[in-house]
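Residue numbers (my numbering), protein chains in the order written: chain A, 2 to 454; chain B, 2 to 454. Note that the Cβ used here is the ideal one computed from N, Cα and C, for glycine as well.
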């Protein structure tokens with residue numbers, strides 16, 4: 002075992018340039034939902050990467066969506082499904098990037114590019130781990146199935162149907178989910194589940210066109226309508242005030258509670274890193290951890306009305322828009338919640354507020370005691386040399402239910418991000434050391450998962 | 002008198018092309034506050050126009066501001082100050098313009114360009130009226146002083162000091178204010194006063210950078226802070242809820258009340274024109290007119306936070322900004338109100354909300370019985386052939402107090418706009434017929450004002 006570990010370490014050291022070049026090639030593709038050509042190019046690049054590790058790729062074209070790439074390699078008693086995605090969030094706000102968002106830029110140990118952490122760095126580390134393990138041992142101890150989609154950042158509209166349609170192809174004993182991060186002290190976080198998500202746009206309309214603001218004395222202002230409607234959704238303690246919203250929440254079980262109590266969330270480091278003066282409701286300690294990992298949220302992700310440039314413009318806007326994401330914990334369901342939102346707005350006198358739905362994903366969670374989780378924890382200990390932090394449900398979201406819920410398999414996630422990776426934000430980056438460590442961790446995990454009773 | 006009227010009509014008919022060319026040349030200059038070079042160019046063009054009517058122009062350079070152009074011509078017992086401005090509002094939102102905002106475009110009787118109505122068309126009509134009257138009668142019956150500034154759309158930061166410094170130069174018996182419009186039925190509106198204005202930006206700050214929205218469970222969201230703060234300023238009946246805000250309001254006097262009761266506000270035509278389903282509080286009739294002309298307002302002119310593009314982006318914004326304009330009626334004062342706003346936010350728990358002030362203007366009003374108003378009404382009757390509508394206080398704003406309040410003179414306004422001129426909004430336009438009528442109305446007014454007892 003120690004030999005294999007050393008062989009892999011040597012292999013990785015010797016091939017750092019190749020591993021970086023492959024990552025740069027994939028990151029350079031601006032594969033946002035707004036750019037279908039780039040999505041296709043990224044799918045081809047993913048297929049090429051899978052071919053490079055011997056996992057003969059298949060590209061499934063998806064009508065009205067981005068291609069899904071599948072690849073399979075290895076043998077053994079257990080089969081591991083590996084899920085990643087090649088699409089990325091838009092790069093806005095562009096003016097806050099220190100580098101061009103789609104020109105991979107290396108500064109010291111840092112690798113900057115949109116998608117470096119979410120999720121291309123993770124995918125590429127896993128591909129190289131498969132190559133490394135084969136080179137070091139001559140074989141793979143488990144069967145690996147790669148499932149790489151291109152619509153994760155826009156709610157994975159076609160993934161659920163694809164999984165249902167290809168149950169046999171995707172059959173596996175467990176799933177390695179897309180990614181994870183280190184905390185501000187550098188301790189890797191393992192996640193056993195994900196919050197769900199509903200994303201909606203609320204829109205209020207006023208006059209047919211923007212008007213001189215002097216008319217605001219008598220003409221209803223959609224920006225005010227929107228503000229008043231929003232203010233009914235969340236109180237100033239950040240508690241959701243939509244009737245029925247929390248009815249379906251299932252409290253953490255005993256294993257999850259134990260894991261939550263062991264979570265070391267470094268408040269000071271987090272606050273310093275992100276420039277946060279205080280947490281919501283001035284929470285700290287266990288209360289803060291539970292608020293972070295076990296509670297639903299409603300977030301204003303965007304507001305837009307009227308004049309938003311420099312200086313003063315006296316205009317009465319014709320419309321106002323808010324983008325909201327709702328994070329859900331097990332067992333909340335998007336469909337019921339969206340109905341509750343509509344009902345609430347109607348009852349509070351906001352029938353005029355339009356709701357546009359951008360899809361939703363279900364929350365999902367695996368037991369913190371599962372063999373898959375234990376194998377991942379062992380791999381992290383072995384490569385990072387520290388005890389991982391385990392999140393029963395991670396506060397972010399993804400189509401975990403659409404894959405593992407539908408297939409009825411457990412899942413776990415670890416990855417190459419760090420606490421300041423700025424996913425979904427300007428200056429997204431990973432540490433190159435973490436990237437290479439991620440290759441070694443994945444290789445160790447494959448060995449552990451094959452062997453664990 | 003009838004002769005003069007006919008001479009002027011013939012003169013205007015014969016010189017329509019010239020009058021349009023002069024307007025096109027001025028409108029083509031994108032003289033927004035964001036473009037200092039264009040402001041200078043517009044000031045030069047204004048000076049050239051004044052020179053063309055014999056009013057030897059002087060350009061006063063203003064440190065840190067846009068030039069003020071002054072010109073003087075004529076003689077007689079009475080002196081009329083004419084106030085206009087050559088700066089314009091920004092053209093955003095650009096995608097809603099049917100034509101390029103700074104390429105004057107003629108379609109049928111309509112003349113499209115940012116600034117056509119507010120305020121370049123009015124200025125140019127007045128210059129041509131002076132030329133017409135001189136051509137038709139060989140002289141001017143009053144002394145005219147033109148005061149043309151370039152910072153009206155950004156609260157006229159330097160005008161008040163300029164007027165105080167040049168009291169003697171600007172000394173006059175009355176002032177013709179910048180502009181007015183016809184109502185949806187084509188009845189010219191005369192205005193005897195203006196609401197005041199405070200313009201502020203409210204800003205909430207969160208983390209140092211935009212974050213992945215999963216952190217919104219624990220990291221305060223500035224967009225929510227802003228929404229909650231805004232919701233404390235105005236109730237859903239559009240009544241301002243800032244303590245002390247309405248304390249200084251002086252109710253309309255007898256003459257103003259009579260004028261208000263005579264205002265014919267065509268609700269149906271207005272609603273059809275602007276696509277307005279209903280007025281605030283479902284008001285109509287006299288109540289609606291008083292709400293429009295005699296009440297203060299607070300208007301969200303702009304909202305900006307996080308991601309505002311197409312589709313979904315799950316981001317926790319680092320900051321949120323609202324642009325607000327407050328319209329004031331006599332005798333509200335911006336300074337006291339801004340202090341009340343700060344006090345209110347502090348008391349409601351929003352010390353973190355920053356207020357950036359963009360200057361304010363005082364409300365001001367002239368008696369509806371003033372000789373100046375009677376002369377203007379007579380001129381409108383004579384040229385438009387209908388009884389004007391008189392607004393004791395117009396719902397829009399301008400630095401009326403900084404000029405007429407400081408100089409202690411009455412003011413009145415009429416102009417070339419119509420009810421769908423879209424001032425401050427996309428597709429700003431005037432009717433060319435109104436422009437030429439505006440030339441004749443100004444010429445008639447000069448005669449009336451010279452003669453009225």
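**Asked** Looking at C-beta atoms only, is the number of pairs between the region 288 to 303 of chain B and the region 206 to 219 of chain A that lie closer than 8 Å three or more?
**Response** yes
**Message:** Please report the straight-line C-alpha distance between residue 129 of chain B and residue 428 of chain B, rounded to a whole angstrom.
**Reply:** By one-based count along the second chain, residue 129 of chain B stands at place 128. By one-based count along the second chain, residue 428 of chain B stands at place 427. If I take the Cα positions, the gap works out to 25 Å.
**Request:** Give a single yes or no on whether residue 118 of chain A has its beta carbon closer than 8 Å to a heavy atom of the ligand MG.
**Result:** Judged by which ligands are present, the structure shown has none, so any question about the ligand MG falls away.
**Request:** Measure the CB-CB distance between residue 371 of chain A and residue 193 of chain A and report whether it falls below 9 Å.
**Result:** As a first step, residue 371 of chain A must be located in the first chain, where it is residue number 370. As a first step, residue 193 of chain A must be located in the first chain, where it is residue number 192. Cβ atoms of residue 371 of chain A and residue 193 of chain A: closer than 9 Å.
**Asked** Since residue 355 of chain A is in the beta strand (DSSP E), which residue starts that stretch and which ends it?
**Response** As a working mapping, residue 355 of chain A is identified with position 354 in the first chain. Its beta strand (DSSP E) spans residues 355 to 362.
**Request:** With distances taken Cα to Cα, identify the nearest neighbour of residue 127 of chain A among A:452, A:414, A:102 and A:5.
**Result:** Along the first chain, one-based indexing puts residue 127 of chain A at 126. Checked all of A:452, A:414, A:102 and A:5; the closest Cα to residue 127 of chain A is A:414.
**Asked** Should residue 134 of chain B be flagged as near chain A, meaning a C-beta pair shorter than 9 Å?
**Response** Counting from one through the second chain, the residue named residue 134 of chain B turns up at place 133. Taking Cβ atoms only, chain A never reaches closer than 9 Å to residue 134 of chain B, which makes this a no.
**Message:** Does the CB of residue 298 of chain B have a neighbour CB from chain A at under 9 Å?
**Reply:** The count along the second chain starts at 1 and reaches residue 298 of chain B at position 297. Cβ-Cβ to chain A under 9 Å: yes for residue 298 of chain B.
**Request:** Report yes or no: is there a C-beta of chain B within less than 9 Å of the C-beta of residue 278 of chain A?
**Result:** If you number the first chain from 1, residue 278 of chain A lands on position 277. Interface residue, yes.
**Message:** Between B:342, B:174 and B:224, which has its C-alpha nearest residue 235 of chain B's C-alpha?
**Reply:** Here residue 235 of chain B corresponds to residue number 234 of the second chain, with the count starting at 1. Checking every option, the nearest Cα to that of residue 235 of chain B belongs to B:342.
**Request:** Give the straight-line distance between the Cα atoms of residue 430 of chain A and residue 144 of chain A, rounded to the nearest whole angstrom.
**Result:** In the first chain, the residue the question calls residue 430 of chain A occupies position 429. In the first chain, the residue the question calls residue 144 of chain A occupies position 143. If you take the alpha carbons of residue 430 of chain A and residue 144 of chain A, they lie about 31 Å apart.
**Prompt:** Which whole-angstrom value is the C-beta distance of residue 315 of chain B and residue 200 of chain A, which I expect to be below 8 Å?
**Reply:** For the purposes of this step, residue 315 of chain B is taken as residue 314 along the second chain, with counting starting at 1. For the purposes of this step, residue 200 of chain A is taken as residue 199 along the first chain, with counting starting at 1. Right, the Cβ-Cβ distance comes to about 7 Å (below 8 Å), so this counts as a contact.
**Asked** Among the residues of its own chain, which have a CB less than 8 Å from the CB of residue 39 of chain A, if the five just before and after it don't count?
**Response** Taking the first chain and counting its residues from 1, one reaches residue 39 of chain A at position 38. The residues are 30, 31, 32 and 33.
**Request:** Using only alpha-carbon positions, find the residue among A:397, A:71 and A:252 that is nearest to residue 61 of chain A.
**Result:** Residue 61 of chain A sits at position 60 when you count from the first residue of the first chain. Ranking A:397, A:71 and A:252 by Cα distance to residue 61 of chain A puts A:71 first.
**Item:** Chain-ordered chain E contacts of residue 193 of chain A [CB-CB under 8 Å]
**Value:** Absent from the structure: chain E. Protein chains present are A and B.
**Request:** Give the single residue among A:24, A:373, A:396 and A:351 whose Cα lies nearest to the Cα of residue 328 of chain A.
**Result:** Along the first chain, read from residue 1 onward, the residue named residue 328 of chain A stands at position 327. Here the closest residue by C-alpha is A:396.
**Item:** Straight-line gap, residue 359 of chain A to residue 157 of chain A (C-alpha atoms, nearest Å)
**Value:** Walking along the first chain from the start, residue 359 of chain A turns up at place 358. Walking along the first chain from the start, residue 157 of chain A turns up at place 156. Answer to the nearest angstrom: the Cα atoms are 10 Å apart.
**Asked** Could you give the residue range of the beta strand (DSSP E) that holds residue 138 of chain A?
**Response** In the first chain, residue 138 of chain A corresponds to position 137, counting from 1. Taken as a continuous stretch (DSSP letters only), residue 138 of chain A belongs to no beta strand (DSSP E), being part of the alpha helix (DSSP H) at 122 to 138.
**Asked** If we ignore side chains and look at the alpha-carbon of each, how far apart do residue 244 of chain A and residue 348 of chain A end up?
**Response** For this step, residue 244 of chain A is matched to residue 243 along the first chain. For this step, residue 348 of chain A is matched to residue 347 along the first chain. Between residue 244 of chain A and residue 348 of chain A, the C-alpha separation is close to 10 Å.
**Request:** Could you tell me which residues DSSP puts in a beta bridge with residue 298 of chain A?
**Result:** What you label residue 298 of chain A is simply residue 297 of the first chain in a count that begins at 1. Answer is A:328, bridged to residue 298 of chain A.
**Message:** Suppose the cutoff is 7 Å on Cβ atoms and the five residues either side in sequence are ignored; what does the same chain contact list for residue 375 of chain A look like?
**Reply:** Walking along the first chain from the start, residue 375 of chain A turns up at place 374. The residues are 453.
**Asked** residue 35 of chain B versus chain A: which residues are under 9 Å apart at the beta carbon?
**Response** Stepping through the second chain from its first residue, residue 35 of chain B is reached at position 34. The answer, in chain order, is 310, 311 and 312.
**Asked** Should residue 482 of chain A be labelled buried (16 or more other beta-carbon atoms within 10 Å of its own) or exposed?
**Response** The requested residue 482 of chain A does not occur in the structure, where chain A is confined to residues 2 to 454.
**Request:** Go through its chain and collect everything with a Cβ distance to residue 66 of chain B's Cβ below 7 Å, but skip five positions before and after it.
**Result:** Working through the second chain from its first residue, we reach residue 66 of chain B at position 65. 152, 158 and 159.
**Request:** Kindly indicate which three-state DSSP category residue 453 of chain B falls into: helix, strand or coil?
**Result:** Reading the second chain from its first residue, position 452 is the one you call residue 453 of chain B. In this structure, residue 453 of chain B counts as coil in the three-state DSSP scheme.
**Item:** Cα-Cα separation between residue 203 of chain A and residue 398 of chain A, rounded to whole angstroms
**Value:** Translated into the one-based positions of the first chain, residue 203 of chain A becomes position 202. Translated into the one-based positions of the first chain, residue 398 of chain A becomes position 397. Near 21 Å, if we compare the C-alpha coordinates of residue 398 of chain A and residue 203 of chain A.
**Request:** Please decide whether residue 221 of chain A counts as near chain B, where near means a Cβ-Cβ distance under 9 Å.
**Result:** In the first chain, residue 221 of chain A corresponds to position 220, counting from 1. Yes, contact with chain B.
**Asked** So, using beta-carbon positions, are residue 274 of chain B and residue 174 of chain B closer together than 9 Å?
**Response** On the second chain, residue 274 of chain B is found 273 positions in, with the first residue counted as 1. On the second chain, residue 174 of chain B is found 173 positions in, with the first residue counted as 1. It is not a contact, given that the beta carbons lie outside the stated cut-off.
**Asked** Within the 9 Å Cβ cut-off, does residue 400 of chain A reach chain B?
**Response** Along the first chain, read from residue 1 onward, the residue named residue 400 of chain A stands at position 399. Residue 400 of chain A does not count as touching chain B.
**Asked** Where does the unbroken alpha helix (DSSP H) through residue 271 of chain A begin, and where does it stop?
**Response** Taking the first residue of the first chain as position 1, residue 271 of chain A is located at position 270. That run of the alpha helix (DSSP H) goes 268 to 275.
**Message:** Within the continuous alpha helix (DSSP H) that includes residue 103 of chain A, where are the two ends?
**Reply:** Mapped onto the first chain, residue 103 of chain A falls at position 102. Segment: none, residue 103 of chain A is in no alpha helix (DSSP H) and carries neither H nor E.
**Request:** Would you mind stating whether residue 318 of chain B and residue 296 of chain A have Cβ atoms separated by less than 9 Å?
**Result:** Looking up residue 318 of chain B in the second chain gives position 317. Looking up residue 296 of chain A in the first chain gives position 295. Result no, Cβ atoms of residue 318 of chain B and residue 296 of chain A do not sit closer than 9 Å.
**Environment of residue 90 of chain B [buried if 16+ CB atoms lie within 10 Å]** = Stepping through the second chain from its first residue, residue 90 of chain B is reached at position 89. By the 10 Å Cβ count, residue 90 of chain B comes out buried.
**Message:** When you compare the CB of residue 169 of chain A with every CB in chain B, is at least one pair closer than 9 Å?
**Reply:** Working through the first chain from its first residue, we reach residue 169 of chain A at position 168. Chain B, which has no Cβ nearer than 9 Å to the Cβ of residue 169 of chain A, makes this no.
**Message:** Can you list, in chain order, the residues of its chain with a C-beta nearer than 7 Å to that of residue 164 of chain A? Leave out the 5 residues immediately preceding and following it.
**Reply:** In the first chain, counting from the first residue as 1, residue 164 of chain A sits at position 163. Once the five neighbours on either side are set aside, the close Cβ partners of residue 164 of chain A are 171, 403, 404, 407 and 408.
**Request:** Could you list the residues in the region 360 to 381 of chain A with a C-beta less than 9 Å from some C-beta on chain B, going in chain order?
**Result:** 360
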